Amino acid sequence: MEGMLFITVVIVLAALAFDLINGFHDTANAIATSVSTKALKPKHAIILAAVMNFVGAISFTGVAKTITKDIVDPFSLPHGDLVILAALISAITWNLVTWYFGIPSSSSHALIGSIAGGAIAAAGFGALEYKGFLTIVIGLIASPFIAFAVGYLIYSIFKIFLKNLNLSSTNRRFRYIQVGTAALQSYTHGTNDAQKSMGIITLALIANGFQHTDDVQLWVQVSCAIAMAVGTSIGGWKIIKTVGGKIMKIKPVSGVAADLSSVIIIFGATFIHLPVSTTHVISSSILGVGTAHRVKGVKWDTAQRMITTWVITLPISAAIAAAIYFVLKLFLA
C-alpha cells in the first residue's frame, strides 16, 4: 500500500508538471495574436491568460472524465500506475523538445498518444477502449479543419462589412476588441487543456484503488488549475513568435477573427466533453483567416513544418511511452 501511495504521489506531481509545461507551451498560442498586434503588452497578456486559464480550468470536468475512461479502462488496466507515469514522462519530454525548437506541437496529441502507447505496451492493443479512443482521435483530426473553415468564413464576413471603413481607425477599435477575445480564448483553453491532467490524475487514483468513480475531486481541479496558471505566467515566447508572426502578418481585425474562430471550436469541444488540441485549433484558425485575406500572405513553409509535427506527435509519443513503460517495469514492478 505504501508503494502504491508513493507512485501515486509521483504521478500527481508529474501530472502537475505536465500542466505547468502545458501552461507555457500551449497557452502561448492563446495570447499570440493579441501580443503580435500590440493589443496587449506581453506582461499584461500573460497575467490575463493566467487568470482566465484558472477560471476556465475550474469551470468544467467533462473532458477530464473523457480522458479518465475513454482511452483505456482504468478499472482493469494492468500496471496502470506504470502506464500513467510512462505516459506523463513521454508527453513532458515531447513538449519540452518542441518548445525548445519553438514548434507549436500539440500537448493533447502527446498525452493521448502516450497513454495509448503505454497501455499497448502493458496489455497489447486490446487494452484500448476503441470506441472512445477513435472518437477522440477523430476529434483531434477534424477540429483543425473545422477551425480553418470557420476562420476563413469569419474573416470573409468581416471583409464584407468593413470594406468601406477606414483601415487605421478600424484596426484601432479592433485592438480593444482583441483584449476581450484574448481573454475568451484563454478561458476556453483552460476549460479544455487543464482538464487533461485532471483526467490522468483521476485515472491514477482509480488504477491504484484510491477512488472508485470517475468523478474529479475538487483538490485535483484546483491543483491543476493553479499549475496551468503558474505555467502560463512563465510564458512561451518562442511559440508566441511562431504563432503570432511566422504564419502570417496579423492585424487586429484578423487577430479578432482568428480568436473568435478558436473560441467557437474549443468551447464547442469542451461542451461535448471532447479533448481537442488547442494548438492545432488556434494555428488552423490563423491559417484560415490568412487564406481568406490573401493566400500568398500565408507563410506556408512554417505551416508545413507545423503540420508535419502534428502528424508525427501521436506515433512518436506512443513509441516513447512504450519504451519508458518497459524501463519503469524493469526497475519498479
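Offset between the sequence shown (1-based) and the numbering used here: plus 847.
Note that beta-carbon positions come from the ideal geometry of N, C-alpha and C, so glycine has one too.
Nothing here was measured: the structure is a model prediction, and the numbers come from that model.
Return the CA-CA distance between residue i and residue j, expressed in angstroms with no decimal places.
{"i": "F922", "j": "A1105", "result": "41 angstroms"}
{"i": "A1170", "j": "R1152", "result": "26 angstroms"}
{"i": "T945", "j": "S952", "result": "6 angstroms"}
{"i": "N869", "j": "I1081", "result": "11 angstroms"}
{"i": "V1123", "j": "G1115", "result": "10 angstroms"}
{"i": "V1090", "j": "D920", "result": "With a pLDDT of only 49 at V1090, under 50, the local geometry of the prediction cannot be trusted, and no value is derived from it."}
{"i": "G1056", "j": "Y1023", "result": "50 angstroms"}
{"i": "F995", "j": "V1128", "result": "8 angstroms"}
{"i": "G998", "j": "S1132", "result": "5 angstroms"}
{"i": "S954", "j": "G986", "result": "15 angstroms"}
{"i": "L981", "j": "A1168", "result": "19 angstroms"}
{"i": "A1076", "j": "F901", "result": "6 angstroms"}
{"i": "V1063", "j": "S906", "result": "12 angstroms"}
{"i": "V1027", "j": "I1154", "result": "It should be noted that the sequence gives Gly, not Val, for residue 1027. Their Cα atoms are separated by approximately 29 angstroms."}
{"i": "T1125", "j": "W1157", "result": "12 angstroms"}
{"i": "S978", "j": "N1013", "result": "Note that residue 978 corresponds to Lys in the displayed sequence, not to Ser. Their backbone Cα atoms lie some 52 angstroms apart in a straight line."}
{"i": "G1092", "j": "L1009", "result": "Note that G1092 scores 47 on pLDDT, short of 50, meaning its location in the model is unreliable; the coordinates nonetheless yield the value given after this. Rounded to whole angstroms, G1092 to L1009 spans 23 angstroms at the Cα level."}
{"i": "N1018", "j": "I967", "result": "51 angstroms"}
{"i": "F972", "j": "T884", "result": "47 angstroms"}
{"i": "F871", "j": "A897", "result": "10 angstroms"}
{"i": "A886", "j": "K1006", "result": "20 angstroms"}
{"i": "S937", "j": "A1166", "result": "9 angstroms"}
{"i": "S1070", "j": "L860", "result": "10 angstroms"}
{"i": "D1148", "j": "I939", "result": "26 angstroms"}
{"i": "K888", "j": "D1061", "result": "41 angstroms"}
{"i": "T1117", "j": "S1101", "result": "24 angstroms"}
{"i": "S1016", "j": "A1072", "result": "38 angstroms"}
{"i": "A1183", "j": "K890", "result": "In this structure the chain extends from 848 to 1180, so residue 1183 is not present and cannot be described."}
{"i": "Y1172", "j": "I1004", "result": "50 angstroms"}
{"i": "L788", "j": "N1011", "result": "The question about residue 788 has no answer, for the chain in this structure spans 848 to 1180."}
{"i": "Q1068", "j": "L958", "result": "18 angstroms"}
{"i": "L1179", "j": "A1150", "result": "42 angstroms"}
{"i": "I878", "j": "S1130", "result": "12 angstroms"}
{"i": "V1174", "j": "M899", "result": "39 angstroms"}
{"i": "I988", "j": "V882", "result": "28 angstroms"}
Assuming residue i and residue j make a contact with CB atoms under 8 angstroms, what is their CB distance in whole Å?
{"i": "A892", "j": "A1041", "result": "In fact, because the Cβ distance is near 18 angstroms, the residues do not count as touching under 8 angstroms."}
{"i": "I1097", "j": "T880", "result": "5 angstroms"}
{"i": "V1142", "j": "L1134", "result": "With 8 angstroms as the limit, V1142 and L1134 do not qualify as a contact, their Cβ atoms being about 10 angstroms apart."}
{"i": "V1103", "j": "Q1025", "result": "5 angstroms"}
{"i": "A911", "j": "T1049", "result": "6 angstroms"}
{"i": "L924", "j": "A1054", "result": "6 angstroms"}
{"i": "V1110", "j": "L1000", "result": "Going by Cβ atoms, the distance from V1110 to L1000 rounds to 14 angstroms, so no, they are not a contact pair."}
Does the distance from the C-beta atom of residue i to that of residue j stay below 8 angstroms?
{"i": "A933", "j": "G960", "result": "no"}
{"i": "G1046", "j": "T855", "result": "no"}
{"i": "S1044", "j": "D866", "result": "yes"}
{"i": "A963", "j": "I918", "result": "yes"}
{"i": "S1108", "j": "L895", "result": "no"}
{"i": "L935", "j": "I858", "result": "yes"}
{"i": "T1138", "j": "H956", "result": "no"}
{"i": "G850", "j": "T1038", "result": "no"}
{"i": "W941", "j": "I1163", "result": "yes"}
{"i": "G1036", "j": "A969", "result": "Residue identity differs from the one stated: residue 1036 is His in this sequence, not Gly. Contact flag unset, no."}
{"i": "L975", "j": "K1176", "result": "no"}
{"i": "P1099", "j": "F992", "result": "no"}
{"i": "H1120", "j": "G909", "result": "yes"}
{"i": "A1074", "j": "L943", "result": "no"}
{"i": "Y1002", "j": "H1140", "result": "yes"}
Taking DSSP's pairing of strands, which residues face residue i in a bridge?
{"i": "L975", "result": "V919"}
Does the CB of residue i have a neighbour CB from chain C at under 8 angstroms?
{"i": "D1062", "result": "The structure shown contains no chain C; it is built from a single protein chain."}
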